[in-house]
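These notes are about the structure you will find just below.
Protein chains: 2
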Amino acid sequence: MILDSETKAVELPEDHGDEIRLWLRLLTCTTLIEGEVRSRLRERFDVTLPRFDLMAQLDKVPDGMTLSDVSKRMMVSNGNVTGLVERLVESGHLDRRTSDEDRRVQVIRLTKAGRAEFRKMAAEHELWIADIFGDLTPKDVRELMRLLAKTKASAQKYATARTA
Amino acid sequence: MILDSETKAVELPEDHGDEIRLWLRLLTCTTLIEGEVRSRLRERFDVTLPRFDLMAQLDKVPDGMTLSDVSKRMMVSNGNVTGLVERLVESGHLDRRTSDEDRRVQVIRLTKAGRAEFRKMAAEHELWIADIFGDLTPKDVRELMRLLAKTKASAQKYATARTA
DNA sequence: CCAAATTACTTTAAGTATAAAATGATTTCG
DNA sequence: CGAAATCATTTTATACTTAAAGTAATTTGG
Chain A
1 MILDSETKAV ELPEDHGDEI RLWLRLLTCT TLIEGEVRSR LRERFDVTLP RFDLMAQLDK
61 VPDGMTLSDV SKRMMVSNGN VTGLVERLVE SGHLDRRTSD EDRRVQVIRL TKAGRAEFRK
121 MAAEHELWIA DIFGDLTPKD VRELMRLLAK TKASAQKYAT ARTA
Chain B
165 MILDSETKAV ELPEDHGDEI RLWLRLLTCT TLIEGEVRSR LRERFDVTLP RFDLMAQLDK
225 VPDGMTLSDV SKRMMVSNGN VTGLVERLVE SGHLDRRTSD EDRRVQVIRL TKAGRAEFRK
285 MAAEHELWIA DIFGDLTPKD VRELMRLLAK TKASAQKYAT ARTA
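Chains as they are written, first to last, in the numbering used here: chain A, 1 to 164; chain B, 165 to 328.
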């Protein structure tokens with residue numbers, strides 16, 4: 001405890017340089033990898049990363065998802081999903097229909113062609129990622145997974161502490 | 165080595181699930197934190213993250229930087245910086261002038277008001293980040309720094325292997 | 001020196017992204 | 001039951017972002 005000249009408790013401004021540097025490094029890594037994946041997807045398949053990401057979400061489920069589900073999973077705004085889906089329906093990758101039970105809900109899923117296209121892209125994508133992380137040992141990967149899980153939990157706690 | 169029915173060497177598709185999961189977790193962490201910082205900046209200072217980031221670059225140097233420097237450091241396209249700078253000059257945060265030695269070059273720097281404004285934001289920003297990473301021990305932070313440095317190096321090697 | 005290459009930046013077109021307001025459908029609860 | 005609240009999505013306005021093409025200034029190599 002530190003006391004100032006008037007003998008009242010004061011907060012010393014703590015140094016958070018390490019956390020800032022950690023955040024910047026985390027951001028740098030993500031930006032770097034994202035940019036790499038982005039240009040590869042464009043070069044090889046003429047597809048954008050957001051479209052690939054959206055298709056990846058849908059590939060995980062056979063019977064489609066609602067727009068809200070996609071929005072939550074991708075952590076992007078609702079309006080964003082609306083536009084993305086529009087273009088992917090237009091290009092024949094997605095199929096969209098209004099739910100029978102609840103007419104507010106739009107269910108989207110990959111078309112046959114869309115799924116085939118995505119699988120092809122995903123297979124290559126997997127190799128790129130493996131190469132990008134190529135210098136990490138299996139132990140490094142495990143450690144990173146653990147520490148990022150802890151980071152995610154910490155950040156989520158912080159985020160919900162505000163909302164709630 | 166694995167041989168197929170015609171006794172030719174074939175590549176078994178290796179499993180890169182761990183790397184994919186690592187990448188997705190990295191992305192999730194970044195998106196989560198970025199979103200948090202973004203909404204705080206908007207709420208508290210009515211400023212966008214890209215503007216804050218650009219000002220952060222400029223705060224580090226007293227005599228300004230060229231647009232190209234900013235573009236490289238922020239890892240965004242040239243055209244992107246052009247637009248951002250336009251708006252920040254317009255709002256009085258930035259000062260811009262053509263270099264005397266090389267008339268292609270635009271040097272930008274924070275105005276007095278811009279720097280003061282940024283310092284205020286940066287001080288709070290530092291606290292948010294510290295809180296967001298609050299559950300990590302100092303050892304966790306060190307380990308993450310180390311592993312992310314390794315990740316960054318690995319990704320950079322991969323990226324330049326293509327460009328070169 | 002001067003044409004060709006490079007560099008710094010801007011512009012364009014298309015797409016991605018957010019926040020906030022609006023719309024329409026479904027639930028809830030008094 | 002029916003008004004109010006909630007929910008899913010769309011729309012709007014604005015801003016950010018990229019890739020690629022364009023412009024203008026500087027460097028380079030023959």
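Glycine is no exception: its CB is placed at the ideal position from the N, C-alpha and C atoms.
If you pair each beta-carbon of the region 118-137 of chain A with each one of the region 25-40 of chain A, do three or more pairs fall below 8 Å?
Cβ pair count under 8 Å is three or more, so yes.
Return the chain-ordered ranges of every beta strand (DSSP E) run that is complete within the region 197-263 of chain B and spans a minimum of 3 residues.
Counting only runs of 3 or more, we get 258-262.
Inspect the beta-carbon positions of B/Leu196 and A/Ala159 and report whether they are closer than 8 Å.
Numbered from 1 along the second sequence, position 32 holds the residue referred to as residue 196 of chain B. Numbered from 1 along the first sequence, position 159 holds the residue referred to as residue 159 of chain A. Contact: yes.
Would you call the CB atoms of A/Gln106 and A/Arg119 closer than 8 Å?
Counting from one through the first sequence, the residue named residue 106 of chain A turns up at place 106. Counting from one through the first sequence, the residue named residue 119 of chain A turns up at place 119. Not in contact: A/Gln106 and A/Arg119 (Cβ atoms no closer than 8 Å).
Going straight from the alpha carbon of B/Ala313 to that of B/Leu186, what length do you get?
In the second sequence, residue 313 of chain B corresponds to position 149, counting from 1. In the second sequence, residue 186 of chain B corresponds to position 22, counting from 1. Between B/Ala313 and B/Leu186, the C-alpha separation is close to 15 Å.
Is the number of C-beta pairs between the region 137-148 of chain A and the region 63-83 of chain A that are closer than 8 Å three or more?
The region 137-148 of chain A vs the region 63-83 of chain A: no contact.
Compare the C-beta of B/Val305 against all C-beta atoms of chain A and say whether one is closer than 8 Å.
In the second sequence, counting from the first residue as 1, residue 305 of chain B sits at position 141. B/Val305 counts as touching chain A.
Taking all protein chains shown into account, decide if A/Arg51 is buried (16 or more other Cβ within 10 angstroms of its Cβ) or exposed.
Indexing the first sequence from 1 puts residue 51 of chain A at position 51. Its Cβ being crowded by 16 or more others within 10 Å, A/Arg51 is buried.
Closest to B/Leu222 by CA distance: which of B/Ala286, B/Glu178, B/Met309 and B/Lys316 is it?
Residue 222 of chain B sits at position 58 when you count from the first residue of the second sequence. If we check each option's Cα against that of B/Leu222, B/Ala286 comes out closest.
Using a threshold of 8 Å, state whether the C-beta atoms of B/Asn242 and B/Leu258 are closer than that.
Residue numbering aside, residue 242 of chain B sits at position 78 when the second sequence is read from its first letter. Residue numbering aside, residue 258 of chain B sits at position 94 when the second sequence is read from its first letter. The answer is no: Cβ separation not under 8 Å.
Kindly indicate which three-state DSSP category A/Val107 falls into: helix, strand or coil?
In the first sequence, residue 107 of chain A corresponds to position 107, counting from 1. It is a strand residue.
Nearest by alpha-carbon distance to A/Glu143: which of B/Leu190, B/Glu288 and B/Pro177 is it?
Locating residue 143 of chain A in the first sequence gives position 143, counting from the first residue. Out of B/Leu190, B/Glu288 and B/Pro177, B/Leu190 has the C-alpha closest to the C-alpha of A/Glu143.
Find the nearest neighbour of B/Leu179 within the set A/His125, A/Leu41, A/Lys157 and A/Glu14, judged by alpha-carbon distance.
To locate residue 179 of chain B, count along the second sequence from 1; it is residue 15. Reading off the sequence shown, one finds Asp at residue 179 of chain B, where the question assumed Leu. The residue with the shortest Cα to Cα distance from B/Asp179 is A/His125.
Taking the continuous alpha helix (DSSP H) assigned at B/Asp295, which residues delimit it?
Along the second sequence, one-based indexing puts residue 295 of chain B at 131. Lys276 to Ile296 is the extent of the alpha helix (DSSP H) around B/Asp295.
Just tell me which of A/Val85, A/Asp63, A/Glu117 and A/Ala113 has its CA closest to the CA of A/Leu41.
For the purposes of this step, residue 41 of chain A is taken as residue 41 along the first sequence, with counting starting at 1. Of the listed residues, the one whose Cα sits closest to A/Leu41 is A/Glu117.
Give the DSSP-derived three-state secondary structure of A/Asp18 in the structure shown.
The count along the first sequence starts at 1 and reaches residue 18 of chain A at position 18. If DSSP states are grouped into helix, strand and coil, A/Asp18 belongs with the helices.
Is the beta carbon of A/Leu24 sitting closer than 8 Å to the one on A/Leu54?
Here residue 24 of chain A is taken as the residue at index 24 of the first sequence, counted from 1. Here residue 54 of chain A is taken as the residue at index 54 of the first sequence, counted from 1. The answer is no: Cβ separation not under 8 Å.
Are the Cβ atoms of B/Phe154 and A/Thr151 separated by less than 8 Å?
Nothing in the structure corresponds to residue 154 of chain B, since chain B is present only between 165 and 328.
Distance, Cα to Cα, B/Asn244 vs A/Glu101?
Here residue 244 of chain B is taken as the residue at index 80 of the second sequence, counted from 1. Here residue 101 of chain A is taken as the residue at index 101 of the first sequence, counted from 1. The straight-line gap from Cα to Cα measures roughly 45 Å.
How many angstroms separate the CA atom of A/Ala161 from the CA atom of A/Val141?
Position 161 of the first sequence, counting from 1, holds the residue named residue 161 of chain A. Position 141 of the first sequence, counting from 1, holds the residue named residue 141 of chain A. The straight-line gap from Cα to Cα measures roughly 30 Å.
Would you call B/Lys321 buried or exposed, if buried means 16 or more other Cβ atoms sit within 10 Å of its Cβ?
One-based indexing of the second sequence puts residue 321 of chain B at position 157. Its Cβ having fewer than 16 others within 10 Å, B/Lys321 is exposed.
Taking B/Val211 as the reference, which of B/Gly228, B/Ala319 and B/Arg251 has the closest Cα?
Stepping through the second sequence from its first residue, residue 211 of chain B is reached at position 47. Nearest option by C-alpha distance: B/Arg251.
In angstroms with no decimal places, state the Cα-to-Cα distance between B/Ser255 and B/Lys276.
Taking the first residue of the second sequence as position 1, residue 255 of chain B is located at position 91. Taking the first residue of the second sequence as position 1, residue 276 of chain B is located at position 112. Each residue's Cα considered, the two are about 13 Å apart.
For my contact list, A/Thr109 and A/Asp63 are in at a C-beta cut-off of 8 Å; report their separation, rounded to the angstrom.
Sequence index remark: in the first sequence, residue 109 of chain A carries index 109 (1-based). Sequence index remark: in the first sequence, residue 63 of chain A carries index 63 (1-based). The sequence as given places Arg at residue 109 of chain A; Thr does not occur at that position. Contact holds; Cβ gap of about 7 Å.
On the premise that A/Thr30 lies in contact with B/Thr194, defined as a C-beta separation below 8 Å, what is that separation, rounded to the nearest angstrom?
Indexing the second sequence from 1 puts residue 194 of chain B at position 30. Indexing the first sequence from 1 puts residue 30 of chain A at position 30. B/Thr194 to A/Thr30, Cβ: 4 Å. Contact.
Mapping the DSSP letters down to three states, classify A/Thr28 as helix, strand or coil.
Here residue 28 of chain A refers to the residue found at position 28 when the first sequence is read from its first residue. Three-state result, A/Thr28: helix.
Please state the DSSP three-state secondary structure of B/Leu300.
Here residue 300 of chain B corresponds to residue number 136 of the second sequence, with the count starting at 1. DSSP places B/Leu300 in coil when its eight states are reduced to three.
Quick check: the Cα distance between B/Val225 and B/Arg279, rounded to an integer number of angstroms?
What you label residue 225 of chain B is simply residue 61 of the second sequence in a count that begins at 1. What you label residue 279 of chain B is simply residue 115 of the second sequence in a count that begins at 1. Taking the straight line joining both Cα atoms gives about 11 Å.
With a cut-off of 8 Å, does the C-beta of A/Ala155 fall near any C-beta of chain B?
Sequence index remark: in the first sequence, residue 155 of chain A carries index 155 (1-based). Closer than 8 Å to some Cβ of chain B, the Cβ of A/Ala155 qualifies, so yes.
Where B/Met309 and A/Thr98 are concerned, what is the direct C-alpha to C-alpha distance, given to the nearest angstrom?
Taking the second sequence and counting its residues from 1, the one referred to as residue 309 of chain B is at position 145. Taking the first sequence and counting its residues from 1, the one referred to as residue 98 of chain A is at position 98. Looking at the two C-alpha atoms, the distance is approximately 47 Å.
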